[in-house]
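Before any comments, here is the structure.
Number of protein chains: 2
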Amino acid sequence: MTHPLFEKHQATLEAAVNAIHTRGYWSAYPEMPSPKVYGEGAQESGKQAIEALVGKDFALDQPGCTTWLAPERSPYGVRLDVRYPACRPQALIEAAQAAQPAWQKLGPQGRVGVCLEMLERLNKASFEIAHAVMLTTGQGWMMAFQAGGPHAQDRGLEAVAYAWDEMRRIPAEAVWEKPQGKNPPLKMKKHFEIVGRGVALVIGCGTFPTWNTYPGLFAALATGNPVIVKPHGNAILPAALTVRIMRQVLSEQGLDPNLVTLAVVERREDTQALAIHPAVKSIDFTGSNTFGQWLIEHAKQAQVYAELAGVNNVVIESTDSYKAMLRNLAFTFSLYSGQMCTTTQAVIVPAGGIDTDQGHKSFDEVAADLSAAIEKFLADPNVANAVLGAIQSPDTLARIDESLGLGTVALASKKIENPEFPGAEVRTPLLLTCDAGDEAAYMEERFGPIAFLVRADDGQAAVALSERLVREHGALTVGLYSTRQEVIDAMTEATLRAGVALSINLTGGVFVNQSAAFSDYHGVGMNPAANASYTDAAFVANRFRVVQRRYHIE
Amino acid sequence: MTHPLFEKHQATLEAAVNAIHTRGYWSAYPEMPSPKVYGEGAQESGKQAIEALVGKDFALDQPGCTTWLAPERSPYGVRLDVRYPACRPQALIEAAQAAQPAWQKLGPQGRVGVCLEMLERLNKASFEIAHAVMLTTGQGWMMAFQAGGPHAQDRGLEAVAYAWDEMRRIPAEAVWEKPQGKNPPLKMKKHFEIVGRGVALVIGCGTFPTWNTYPGLFAALATGNPVIVKPHGNAILPAALTVRIMRQVLSEQGLDPNLVTLAVVERREDTQALAIHPAVKSIDFTGSNTFGQWLIEHAKQAQVYAELAGVNNVVIESTDSYKAMLRNLAFTFSLYSGQMCTTTQAVIVPAGGIDTDQGHKSFDEVAADLSAAIEKFLADPNVANAVLGAIQSPDTLARIDESLGLGTVALASKKIENPEFPGAEVRTPLLLTCDAGDEAAYMEERFGPIAFLVRADDGQAAVALSERLVREHGALTVGLYSTRQEVIDAMTEATLRAGVALSINLTGGVFVNQSAAFSDYHGVGMNPAANASYTDAAFVANRFRVVQRRYHIE
Numbered sequence: 000m001t002h003p004l005f006e007k008h009q010a011t012l013e014a015a016v017n018a019i020h021t022r023g024y025w026s027a028y029p030e031m032p033s034p035k036v037y038g039e040g041a042q043e044s045g046k047q048a049i050e051a052l053v054g055k056d057f058a059l060d061q062p063g064c065t066t067w068l069a070p071e072r073s074p075y076g077v078r079l080d081v082r083y084p085a086c087r088p089q090a091l092i093e094a095a096q097a098a099q100p101a102w103q104k105l106g107p108q109g110r111v112g113v114c115l116e117m118l119e120r121l122n123k124a125s126f127e128i129a130h131a132v133m134l135t136t137g138q139g140w141m142m143a144f145q146a147g148g149p150h151a152q153d154r155g156l157e158a159v160a161y162a163w164d165e166m167r168r169i170p171a172e173a174v175w176e177k178p179q180g181k182n183p184p185l186k187m188k189k190h191f192e193i194v195g196r197g198v199a200l201v202i203g204c205g206t207f208p209t210w211n212t213y214p215g216l217f218a219a220l221a222t223g224n225p226v227i228v229k230p231h232g233n234a235i236l237p238a239a240l241t242v243r244i245m246r247q248v249l250s251e252q253g254l255d256p257n258l259v260t261l262a263v264v265e266r267r268e269d270t271q272a273l274a275i276h277p278a279v280k281s282i283d284f285t286g287s288n289t290f291g292q293w294l295i296e297h298a299k300q301a302q303v304y305a306e307l308a309g310v311n312n313v314v315i316e317s318t319d320s321y322k323a324m325l326r327n328l329a330f331t332f333s334l335y336s337g338q339m340c341t342t343t344q345a346v347i348v349p350a351g352g353i354d355t356d357q358g359h360k361s362f363d364e365v366a367a368d369l370s371a372a373i374e375k376f377l378a379d380p381n382v383a384n385a386v387l388g389a390i391q392s393p394d395t396l397a398r399i400d401e402s403l404g405l406g407t408v409a410l411a412s413k414k415i416e417n418p419e420f421p422g423a424e425v426r427t428p429l430l431l432t433c434d435a436g437d438e439a440a441y442m443e444e445r446f447g448p449i450a451f452l453v454r455a456d457d458g459q460a461a462v463a464l465s466e467r468l469v470r471e472h473g474a475l476t477v478g479l480y481s482t483r484q485e486v487i488d489a490m491t492e493a494t495l496r497a498g499v500a501l502s503i504n505l506t507g508g509v510f511v512n513q514s515a516a517f518s519d520y521h522g523v524g525m526n527p528a529a530n531a532s533y534t535d536a537a538f539v540a541n542r543f544r545v546v547q548r549r550y551h552i553e
Numbered sequence: 000m001t002h003p004l005f006e007k008h009q010a011t012l013e014a015a016v017n018a019i020h021t022r023g024y025w026s027a028y029p030e031m032p033s034p035k036v037y038g039e040g041a042q043e044s045g046k047q048a049i050e051a052l053v054g055k056d057f058a059l060d061q062p063g064c065t066t067w068l069a070p071e072r073s074p075y076g077v078r079l080d081v082r083y084p085a086c087r088p089q090a091l092i093e094a095a096q097a098a099q100p101a102w103q104k105l106g107p108q109g110r111v112g113v114c115l116e117m118l119e120r121l122n123k124a125s126f127e128i129a130h131a132v133m134l135t136t137g138q139g140w141m142m143a144f145q146a147g148g149p150h151a152q153d154r155g156l157e158a159v160a161y162a163w164d165e166m167r168r169i170p171a172e173a174v175w176e177k178p179q180g181k182n183p184p185l186k187m188k189k190h191f192e193i194v195g196r197g198v199a200l201v202i203g204c205g206t207f208p209t210w211n212t213y214p215g216l217f218a219a220l221a222t223g224n225p226v227i228v229k230p231h232g233n234a235i236l237p238a239a240l241t242v243r244i245m246r247q248v249l250s251e252q253g254l255d256p257n258l259v260t261l262a263v264v265e266r267r268e269d270t271q272a273l274a275i276h277p278a279v280k281s282i283d284f285t286g287s288n289t290f291g292q293w294l295i296e297h298a299k300q301a302q303v304y305a306e307l308a309g310v311n312n313v314v315i316e317s318t319d320s321y322k323a324m325l326r327n328l329a330f331t332f333s334l335y336s337g338q339m340c341t342t343t344q345a346v347i348v349p350a351g352g353i354d355t356d357q358g359h360k361s362f363d364e365v366a367a368d369l370s371a372a373i374e375k376f377l378a379d380p381n382v383a384n385a386v387l388g389a390i391q392s393p394d395t396l397a398r399i400d401e402s403l404g405l406g407t408v409a410l411a412s413k414k415i416e417n418p419e420f421p422g423a424e425v426r427t428p429l430l431l432t433c434d435a436g437d438e439a440a441y442m443e444e445r446f447g448p449i450a451f452l453v454r455a456d457d458g459q460a461a462v463a464l465s466e467r468l469v470r471e472h473g474a475l476t477v478g479l480y481s482t483r484q485e486v487i488d489a490m491t492e493a494t495l496r497a498g499v500a501l502s503i504n505l506t507g508g509v510f511v512n513q514s515a516a517f518s519d520y521h522g523v524g525m526n527p528a529a530n531a532s533y534t535d536a537a538f539v540a541n542r543f544r545v546v547q548r549r550y551h552i553e
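Top to bottom, those sequences are chains Y and X. Residues in the first sequence are numbered consecutively from 0, following numbering that gives the first Met the number 0. Residues in the second sequence are numbered consecutively from 0, following numbering that gives the first Met the number 0.
As structure tokens, then:
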């Protein structure tokens, strides 16, 4: 018997599975915050719903709660003070384990149906979640809506589609009939049960609390595992809203809501205790190399899917669209003040300059023109505030100043006032120039609005430097500007060897730091920036096992 | 353009993919050593081919060879003295890396086509490989032929089918066209390249040098990785024959034969150096817990797929076919003298005895009747020698004597003479009885012809003990004999929780230690006996990555 929620969402699921097999353009959840799609007044009521939470207890009815915590501080300087229940790790683990058997027995169709219902509810709550993302992360409103709402939901759906695509190919049962020559055949009935490997821990980051959380969350859930969501201490609200909606759907379905819980903790040791708990069998993590490596070293009982730091880079060897290239890069550096895991940090340019449709440009001219392009793009304070958002953490704010001595300043970072949020910490990008030999400067992640124009010997050296950066320090994205096929070929080979996604000659409305669900493979899992991709079979297939039983039949 | 070898073997591949999706009975390579299939005189000429190798250099033309080694000693007491080239680990790694790019560029179809050609050639060499397996492992001839030849080839094909089933669903390219309202759409061409993660190391065991090696070998190869095969020091010949055939196919195809090499080493440190080499990205291992845990601890740069020790067990709660049950168990204990990773070690029986179609049987009666069944089955020396084979290692021989004090002897182990091989070490099973509380006796793997009849309080306690054995000490197989549905249900739930394959009421021609390719999931990967299954998407999906590039098109 088909599960009613599977039937309800089957068309969406089939379209999603088709999309992961073809990887052209497809999206399930509209990215435009249009009243026609999301209803009249949805934006305002979403905002009000969040404002109504300020200073209150955020009830979740989870087990083992010991106290209430309100650690969030908005980068926009507005008051949050939402109080979340802190629960004992052991209580969350035990509740998760208690919820798993019924979830397993629901079977792949039932689980996938429930996951799709959850995603639909999350989509309906996109404005609420968008405001929570904006206020906790410092993202501009449009990015908070798109990346925090529909794009994150698409990534969640993508993970469910991969999980379904793996699970549906495992037969629930089979008859095995082996011929025995002239004797009757040996005949057995076999049952194959998909069993989740155990409690999943999903550890979110402070900048993309839904986009980077939904893939692991839904991959683990769809494959039969209970999930404990441990959000970043400064971006709890989007995760809390998500968990509450998912728990509501579970309760409505007569399932144990403790299948999905929120772990708000006082100390890092509590997160560590969860991570090394013998019952925890998978950990999805986005964040720093330090804690990521700690997890890989210590949480040996679990499969760790980690997205860590990297040094994304772009090689400019030549271009036939100089101005469009500069505009494209200016937007990349400005968007969310460079606080994306995919933002370019190093732009590698030959010391002798580059050939362009505007004539030859020296290295210093490229630096000056790129700086001018950024300034021009951010000249209108409305545009600047909408695109830059606010700086998520005090560490990043401090890092901008600390980075001043790492090179020659081509473009200084400026503080911009935000009339709507007087307390917001808004900064424009800092652009430094340096030599390829100044490795200590640019060869580590400087998270935030900090970029380097790196002087390489020539185009070939630039490509080689890009490859080395990826291999040794990791990258989620690299870009290339070149009009020469042999350079494009060399860069293609370099990225295949190093294992990183390449964008070539982006001069229009697509940016190297953008990754489209159902088309772009986010992360590759072949270089130090990530040990897994969100968007392949490997991300889901190792989260469950097949347990069989067999017996003779006549 | 389709690769010619892909076209040649496409029907086999499609049938194999259908088989992994339906998991009924299917096999590509005939298990009967019939002259009709394998040719007149194939058995004799295979044997002669192996005899011709005795005392000679086994040429492989690999790089970095420093000396020749001949460590094998046959459990049948016959002379081998085949000398293999020992090559520097670093030379093998570098040769593997040099061979990878062309293998990658061949694409999934080309790689799968070449793998299937290799398997066909291995099948044609089944008699040769069977004799090598028999002489190095001590398996009886028929098992050496079936498990070492066609069954191993089926398992290799199964891995290729899983790899193909994953790779074929990744499009090589896509056009991404995103609507922009009234403006022209954004349009990009994207390329998706499947890239192997790097050098694969496949470490074989001394008892099943092909059956336990082919899955990892072919999974790694099909997904784009070069492979270094490191056989057990006493079972090199079957691996060497395999590697030579694979290298021949590569050379014929104009590919670098160093894509597949054989690592024969003098010291364990050489294997360790290979295992922790930064270029090695996956390790397939079958063997001891000690070295397996060392690999998991130290080879952090690699994904480790490990099949380790376990305590396989069978619960007898009741039966309606007492004699057939005893016959079935007698065969299980006798086959290859219990030297299978799937052989039962502990038979758990209620202290109060069991209900059977022959009336109630006390615990001691079950012990006596099982002993008698084993004695009866092995009464004919021809049958005994054919089924028992020889004891593979002196450690196992010593273990039989050392185990005498671990319980009350129900059936002593006997040495049997083998007229064909006077030097063969042939032993019948040792059966001991003990109490459930004698955990030190039966709660660790006693590899070889050593089994325990364990006295549990009652049927419920027996099921609980079985679950605990699996959870704490691991198991690849468990069995149950019961006529009561509630006991079958309880055991089913226990095995789903513990993660182990269950065989129920085997009384005919199928045995708990047998695992049929394309139908049975070998290993589950959920308990300490193995961290992976050979037969699922997780076994292949994490061996490659997808690297993309994208650019605008009109």
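Backbone N, C-alpha and C define an ideal beta-carbon position, used for all residues, glycine too.
The beta strand (DSSP E) runs lying completely inside the region 58-97 of chain X and spanning 3 residues or more are 64-68, 83-86, given in chain order.
Contact annotation: P349(Y) and I399(Y) have beta-carbon atoms that are not nearer than 9 Å. Among the residues of chain Y, none has a CB under 7 Å from the CB of V462(X); the nearest is roughly 14 Å distant.
The CB of Y550(X) comes closer than 7 Å to the CB of I503, N504 in chain Y, given here in chain order.
For Y75(X), the closest C-alpha among the options H130(X), A85(X), Y24(X), G54(X) is that of H130(X). When beta bridges are read from the DSSP output, S317(Y) appears opposite D354(Y). In this structure, Q152(X) sits away from A15(X), with a CB-CB distance that is not shorter than 9 Å. Nearest neighbour of N417(X) by Cα position, chosen from A529(X), G522(X), T289(X), V382(X), turns out to be V382(X). For D363(X), the closest C-alpha among the options L396(X), A329(X), L410(X) is that of L410(X). In the DSSP annotation of this structure, the continuous segment of the alpha helix (DSSP H) that includes K35(X) starts and ends at 34-37. With a cut-off of 8 Å on Cβ pairs, the region 300-313 of chain X is not in contact with the region 234-247 of chain X, counting fewer than three such pairs. At a cut-off of 9 Å between C-beta atoms, Q547(Y) counts as an interface residue with respect to chain X. By the neighbour-count criterion, in which 16 or more other beta carbons inside 10 Å mark a residue as buried, Q338(Y) falls on the buried side.
Using a C-beta cut-off of 8 Å, the region 40-56 of chain X makes contact with the region 74-91 of chain X, since at least three inter-stretch Cβ pairs fall below that distance. Membership of T285(Y) in any alpha helix (DSSP H) is not indicated; the residue belongs instead to the beta strand (DSSP E) covering 279-285.
The C-beta of R266(Y) has fewer than 16 other C-beta atoms within 10 Å across all chains shown, which makes the residue exposed. Rounded to the nearest angstrom, the Cβ distance from T432(Y) to G404(Y) is 13 Å, too far for a contact under 8 Å. A straight-line Cα-Cα distance of about 50 Å links R483(X) and R196(X).
DSSP, read as helix, strand or coil, puts Q47(Y) in helix.
Proximity of chain X to W175(Y) at the Cβ level (cut-off 8 Å) is accounted for by R22, G23, Y24, A515, S518, in chain order. Secondary structure of M187(X) (DSSP, three-state): strand. It is roughly 10 Å from the alpha-carbon of A160(X) to the alpha-carbon of F517(X).
Nearest CB-CB separation between E119(Y) and chain X: not below the 9 Å threshold.
Near chain Y, meaning a CB-to-CB distance below 9 Å, no residue of the region 247-259 of chain X qualifies. N257(Y) and K375(X) have their C-alpha atoms roughly 56 Å apart.
Taking a beta-carbon distance threshold of 9 Å, L387(X) does not count as an interface residue toward chain Y. A contact is defined here as three or more CB-CB pairs under 8 Å, and the region 469-488 of chain Y fails this definition with respect to the region 387-398 of chain Y. One Cα belongs to A489(X), the other to I193(X), and the distance between them is close to 44 Å. Apart from sequence neighbours up to five positions away, the residues of its chain that approach D457(X) with a beta-carbon distance below 7 Å are P349, G351, ordered along the chain.
Annotated as proximal: V539(Y) and A162(Y), with beta-carbon spacing under 9 Å.
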